[in-house]
Amino acid sequence: MIICVCKAVSDRQIRRAVREDGVVSLRELNRLYGLGSCCGKCVPHARQLLDETLATLPAAAPSAEVSPLAAGAG
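Residue numbers for the sequence shown, in my numbering: 33 to 106.
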């Protein structure tokens, strides 16, 4: 489905950008595809799709590093 008619950006492109390119914001979608740069009517739907796609990604593993504050240093 086309999300941004002005720039011909589809839901598949947005999902792929999130999953494969690490896109996490509308600003990044704008830089990548120009999404939301013309009439702006796509922004609410694009934001919803972005949030839904981000929610399906596996959570990042916690860092193995321990901060100095957590280790009691300081």
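All residues carry an ideal CB built from backbone N, CA and C; glycine is no exception.
A distance of 8 Å or more separates the beta carbons of residue 36 and residue 91.
Exposed is the label assigned to residue 40, since fewer than 16 other Cβ atoms lie within 10 Å of its Cβ.
In this model, residue 47 and residue 64 are separated by some 13 Å (Cα to Cα). A buried status is given to residue 61, since no fewer than 16 other beta-carbon atoms sit within 10 Å of its beta-carbon. The bridge partners DSSP lists for residue 34 are 42. Contact check for residue 56 against residue 81 fails: the beta carbons are separated by 8 Å or more.
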